[in-house]
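Peer 1: Provided herewith is a single structure, encoded as structure tokens, for subsequent inquiry.
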Amino acid sequence: MLHRISIQADSVDQEDKYAGSVSKTVNASVKDISVNEEVTVTATQSPALSIIKAVTETTFAAPGDELNYTITVSNTGNTTLENISVVDPLTGLNTTITVLAPGASQDINTTYAVDQDDIDAGSVSNTATASVNDISVNDEVTVTATQSPALAIAKAVTETTFAAPGDELNYTITVSNTGNTTLENISVADPLTGLNTTITVLAPGASQDINTTYAVDQDDIDAGSVSNTATASVNDISVNDEVTVTATQSPALSISKAVTETTFAAPGDELNYTITVSNTGNTTLENISVVDPLTGLNTTITVLAPGASQDINTAYAVDQDDIDAGSVSNMATASVKDISVNDEVTVNATQSPALSISKAVTESTFAAPGDELNYTITVSNTGNTTLENISVVDPLTGLNTTISVLAPGASQDINTTYTVDQDDIDAGSVSNTATASVNDISVSDEVTVTATQSPALSISKAVTETTFAAPGDELNYTITVSNTGNTTLENISVVDPLTGLNTTITVLAPGASQDINTTYTVDQDDIDAGSVSNTATASVNDISVNDEVTVNATQSPALAISKAVTETTFAAPGDELNYTITVSNTGNTTLENISVVDPLTGLNTTITVLAPGASQDINTTYTVDQDDIDAGSVSNTATASVNDISVNDEVTVTATQSPALAISKTANRSTVNAVGDEIIYTLIVQNTGNTNLIGVVVTDPLTGLTETIENLAPNETWTVNTTHTVTQADLDRGSVRNVASAQTGDDLETEDEISVEVEKSSQIAVSKTALTETYSVIGQEIIYSISVTNTGNVTLSNVQVSDPLTGLAESIPTLAPGQSVTFETTYAIQLKDLESGTLENRVNVTSTDPDGNEVNGTDTATVNGSANKIIANDDDLGDYVVTYGGVLGNILDNDLLNGNPVNFEEVNFEFTDLAGIIGLLINENGELSLIPGLNPPGEYVLTYELREAANPTNTDLATVTFRLLVNDVDLSITKTSNSMEVFEGDEFEYEIMVSNIGGTDASNVVIVDDLPNAVSYLSSTFESSDPQMEVDIRVSGVAVTFTVPFFPADATLMIKIKVRANEINSERVVQVTNIARVSSDENDTNMTDNQATDTNQIHPFFIPNVITPDGDGLNDTFEIKGLDKFVENEIVIFNRNGDHVLERKNYQNEWSAEGLVSGTYFFVLKTVDRNGKDHEFKGWIQVIKK
């Protein structure tokens, strides 16, 4: 029987392995039988060793930096290893691991301190070796150095300024190795001084000074400074530093003015001036403006070297105003930049003021109180100066007037009237003296009018008794003496020899009477004679009149009548004539029932009783009518009758006829603007005289009106309307002038004129239309239609139509309002049109209106070419580290052709700007790849042009952007005042732009702006591309500091600092240099852009002398530079006559002489500065208008 025996084998252990074999004995027993057997198994030994070397640091940057290595030795075999040798030559490690079981490891630490050679080499490679028996393994680890080669250059100059050609500037250039690598063969160049040298070796932290010299020349002085830049460069590093030495510029200018003539006396006399401009400074002056407003000189001296002079001749023709002023003061000004000098010369006029007066009177005589004497006084300026405020006085007429202005050779008539009175008639004449006086001149003239004296005297004698019958009867006479002339009579002798009367009337006025009674006692002789005749005589001077009365002893009835009228004339209907009818009994018998009749006045009365010698006055009145005035006189006869006696008397009064006619004309509108407009005129004719006018003819040639007024009574008016239709000629003429007249056959004529202005509208319209909508091939014709229309209301002449593109040039002699003319012209497409894709064609039209003004028009027609639209879209391929190598992306993926994604076989592309990138691999399918490690960090913006393969003119541009990043920051700063022209007192802004362009966030960024002393801080604002950015500001003295705790990568910060330019208290420009700096807690990979400088100038307060307000935006207003330096101002501008044209407080530089003519004006500017001090400036302004 067989038994199967299962034996469980033992597991081998390390000792078995170490021994190389395992021997086992197996015993089997059953009952009393025992057997055994030994078996041996040999081990498979696989000794193996591995080594790994690691280093804690990833980089190093400075000598002495330690690299800490860990060497891990592992028993990767199946046997225990003893006495393993571990060696690291670089660190000097040489040690032994006594025992290392399979699977076990042991770490060994060792350190190495790098030196400058390692940094220069760029890396440290370290190999460690472990060996035991025949096994040797090693591992190498490399640490790359952070090489930061950097170079700095500083340039200093010993001298602070220079003033003359040949002055030397001594420079010291200091080149420093600010990086961590040794630099060799550093090139140092200073182009200005001619320096070009090499520094062989410069260790980190070391510096080397280089001296060099430059001799300045006149160009440097003219430039105002010498800026000198020195450059140090090695490998790809280039740094430079600039130092500027400001010249002591002493620009100076002088001007002298001389005149040949010493005086002038008449308008048109010429004054010949010589202006000498000299450069008295040390700088060459260019474009010196020389202005003489009086002569109109405005010229420029192109260049004037120091010490040089230039003469300029100019002339002025004097006018009457100059003679009146008494002198001509002429100031010439030379100005360049901020320098302005002037010189004035005065020529005195030879003034000869003179005045004459003549007086004339229309009337040659006068005869009655109330007669008017009409005088004309003619005052003449017989000198050579204009006379003002001439006083003209005529005491007799009460005239006291002033002639405002009277030019040499001119005269002025003055009319005045005097009404004579009785004293004048008695005096026999009127003498009248008029006097004209001005300043110290007084002249007079006298005219005398002699009176027509008509002394007359009448005497009437009446006797109370009608008869007598016995001696002793008394006859009582009344003698009436009357002054029937026009002069007062004095000492009238009245004599009645019969009665023995001999007396005197002292005074008797015209028209007055005086009765004298006297008595006669008849005697027998009288009775025998049958009557007593008694004559009384009145006499004065050469006049003697008498009247006799006879008393008959027998009855001798007799009657007399006399008629007198008070008025000497009449002039208007309704005037009254007052008559006195004197009826006298001239017989010796008493008369009864005397009939007195005056048919004109309607008088019919009876005198009941009239004793011999008695008279009776009867008053009666007649009111004249128009017929009497027209007839020219009124004759009136009165009749007295009794019994068989009838007597009559007639008196005639002549009318004062004053025929006169007036016409007035009005229009129903003041302007017209179109052909066919109607103007309705209203004519009013009035008889302004006192006589009827017959057959008044009214004519209006413009409207064709002719009317006759048969009869026009005094003060009567006659009205008629008449119409004129406006013609094109009226519109072209600019106004409608209409004269209407009225006249009679009596040589009486009057007229009135009225003008209606035309609202002219000179306009032209041009329309250009392309009859072809698009083009696509060379030679294709584009047909254009051009229509020219007069859209105004006046005729246009010399209409010129030009189309430069097609060569069209047409002329239309005249173009009436509303008229249109159409032309067609063609153009053949050229290659350039296909390339541009658009064809623009402009037509130009010029013309002239009736006033000679240009009336122009233009129009453009655009035709677009038809092509496949190609669109190249910008690509942003993202951020990569500088060591990245591989595909960046495909630039064609987002581009379009005719609205569809492009097929690379249908397009071509070409990079027009690679932005300095190196190692860019470009595939024809648009894929871009980059070779690693060749380019510095930064953002790269490449530009490519995409072209349609079938039409290379069909293109579009796009950009490709990607960024290569490092961990260091790169801050940049720029600063500008935008080249503003700044005057003292002006407020302006500095703009500081800070950018984080390194792709890494920056912390505790500090921006410091050290403001120069020439400006004062006012305020600041800032704006960031990152709304979360916080900015703190601190102002301390001239330093303005901005602190940003966190400044994100790619963010920007714009800071605007508002300042005021301080007073510079100088006539020279002050240069202002402002430096701003930026820094952060991190290292900055590029320190060259961490400082920014702005240089500007502060100009002194300056008042210009010339403005040219022509609307071109240049010098259009009177702009006082630096006016803001004052806190208050007040200005007055006036013309040469003293008339104010501007009065303004807080003047804002806005005056442009609007509405004023070209010429010279004068100003007074009063200001108050910030210290409360008053200032006053006076001068002139030349206004030049085209």
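Using full-length UniProt numbering, the final residue of the sequence shown is 1186, and nothing's skipped along the way. Ideal Cβ positions, reconstructed from N, Cα and C, are used throughout, including at glycine.
Please state the DSSP three-state secondary structure of I1057.
Peer 2: The answer is strand: DSSP assigns I1057 an E or B state.
Peer 1: Thinking C-alpha only, which one of P1012, E927, L896 is nearest D956?
Peer 2: Closest by alpha carbon: L896.
Peer 1: Ends of the beta strand (DSSP E) at E490?
Peer 2: Unbroken beta strand (DSSP E) run through E490: 489 to 496.
Peer 1: Which residues bound the beta strand (DSSP E) around Q892?
Peer 2: One detail in the question is off: residue 892 reads as Leu in this sequence, not Gln. Where L892 is concerned, there is no enclosing beta strand (DSSP E), given that its DSSP letter is neither H nor E.
Peer 1: For the stretch 1120 to 1133 and the stretch 1157 to 1170, state whether three or more C-beta atom pairs, one from each stretch, are separated by less than 8 Å.
Peer 2: The answer is yes - the stretch 1157 to 1170 touches the stretch 1120 to 1133, with three or more Cβ pairs under 8 Å.
Peer 1: Measuring alpha carbon to alpha carbon, tell me which residue in N180, I199, A529, I173 is nearest P191.
Peer 2: Among N180, I199, A529, I173, the Cα nearest to that of P191 belongs to I173.
Peer 1: Going by DSSP, which residues form a beta bridge with Y775?
Peer 2: Partner(s): G865.
Peer 1: I need the DSSP call for I459, collapsed to helix, strand or coil.
Peer 2: In this structure, I459 counts as strand in the three-state DSSP scheme.
Peer 1: What are the boundary residues of the beta strand (DSSP E) that includes residue 1190?
Peer 2: Any question about residue 1190 goes unanswered here, given that the chain covers just 1 to 1186.
Peer 1: Would you report the Cα separation of A1076 and I917, rounded to the nearest angstrom?
Peer 2: For A1076 and I917, the distance between alpha carbons rounds to 31 Å.
Peer 1: Figure out for me which residue from I1064, T959, E945 has the closest Cα to the Cα of E984.
Peer 2: Checking every option, the nearest Cα to that of E984 belongs to I1064.
Peer 1: Given this structure, state the Cα-to-Cα distance separating T59 from T142, to the nearest angstrom.
Peer 2: C-alpha separation (whole angstroms): 9 Å.
Peer 1: Whose C-beta lies closer than 6 Å to the C-beta of P63 among residues of the same chain, with five residues either side of it excluded?
Peer 2: Correct list, in chain order: D115, Q116.
Peer 1: Would you call A305 buried or exposed, if buried means 16 or more other Cβ atoms sit within 10 Å of its Cβ?
Peer 2: Under this definition A305 is an exposed residue.
Peer 1: Just to confirm, is the Cβ distance from E1119 to P1104 under 8 Å?
Peer 2: Result yes, Cβ atoms of E1119 and P1104 sit closer than 8 Å.
Peer 1: Nearest-angstrom Cα distance between L93 and T127?
Peer 2: Rounded to whole angstroms, L93 to T127 spans 11 Å at the Cα level.
Peer 1: Taking only three categories from DSSP, how would you classify E38?
Peer 2: In this predicted model, E38 has a pLDDT of only 49, less than 50, meaning its place in the structure is not dependable; the value taken from the coordinates is given anyway. Three-state result, E38: strand.
Peer 1: If you reduce the DSSP assignment to three classes, tell me which class Q320 lands in.
Peer 2: Here Q320 sits in helix by DSSP.
Peer 1: With respect to the beta strand (DSSP E) encompassing I377, which residues constitute its N-terminal and C-terminal limits?
Peer 2: Note, I377: beta strand (DSSP E), 372 to 381.
Peer 1: Can you check which of these residues, Q218, I543, I357, P1109, is closest to I1184 by C-alpha distance?
Peer 2: Nearest C-alpha to I1184: P1109.
Peer 1: According to DSSP, what are the bridge partners of V347?
Peer 2: According to DSSP, V347 bridges with V328.
Peer 1: Does the Cβ of K563 have 16 or more other Cβ atoms within 10 Å, making it buried, or fewer, making it exposed?
Peer 2: Buried, by the Cβ-count rule.
Peer 1: Are the Cβ atoms of T939 and T974 separated by less than 8 Å?
Peer 2: Note on identity: in this sequence residue 939 is Glu, with Thr being the wrong assignment. No, the pair does not count as a contact, with Cβ atoms beyond the cut-off.
Peer 1: Mind checking whether L373 and I390 have CB atoms under 8 Å apart?
Peer 2: Taking 8 Å as the Cβ cut-off, L373 and I390 do not qualify as a contacting pair.
Peer 1: With D118 as the anchor, note down where its alpha helix (DSSP H) starts and where it stops.
Peer 2: D118 -> alpha helix (DSSP H) spans 116 to 121.
Peer 1: Compare the beta carbon distance of Q800 and T858 with 8 Å and say whether it is the shorter of the two.
Peer 2: Not in contact: Q800 and T858 (Cβ atoms no closer than 8 Å).
Peer 1: Does the distance from the CB of L501 to the CB of V495 come in under 8 Å?
Peer 2: In contact: L501 and V495 (Cβ atoms closer than 8 Å).
Peer 1: Flag this pair as touching only if the stretch 279 to 297 and the stretch 358 to 375 have three or more C-beta atom pairs under 8 Å; answer yes or no.
Peer 2: The stretch 279 to 297, when compared against the stretch 358 to 375, does not touch it at the 8 Å Cβ threshold.
Peer 1: Helix, strand or coil, according to DSSP, for K337 in the structure here?
Peer 2: It is coil, neither helix nor strand.
Peer 1: Of the choices A614, T606, P714, T703, whose alpha-carbon is the least far from that of P659?
Peer 2: That would be P714, whose Cα lies nearest to the Cα of P659.
Peer 1: Please identify the residue among S866, N925, A915, V642 whose C-alpha is closest to the C-alpha of F904.
Peer 2: F904 has its Cα closest to that of N925, out of S866, N925, A915, V642.
Peer 1: Evaluate the contact criterion for the stretch 660 to 667 versus the stretch 679 to 686: three or more CB pairs, one atom per stretch, below 8 Å.
Peer 2: In short, these stretches touch, since the Cβ pair count reaches three.
Peer 1: Since L457 contacts G485 with CB under 8 Å, what's their CB separation in whole angstroms?
Peer 2: Going by Cβ atoms, the distance from L457 to G485 rounds to 7 Å, so yes, they are a contact pair.
Peer 1: How should S615 be labelled, buried or exposed, when 16 other C-beta atoms within 10 angstroms of its C-beta is the threshold for buried?
Peer 2: Buried.
Peer 1: Once DSSP output is grouped into helix, strand and coil, what is the label at Q218?
Peer 2: Note: Q218 maps to helix in three-state DSSP.
Peer 1: Contact check, T688 vs T703 under 8 Å by CB: the rounded distance?
Peer 2: T688 to T703, Cβ: 24 Å. No contact.
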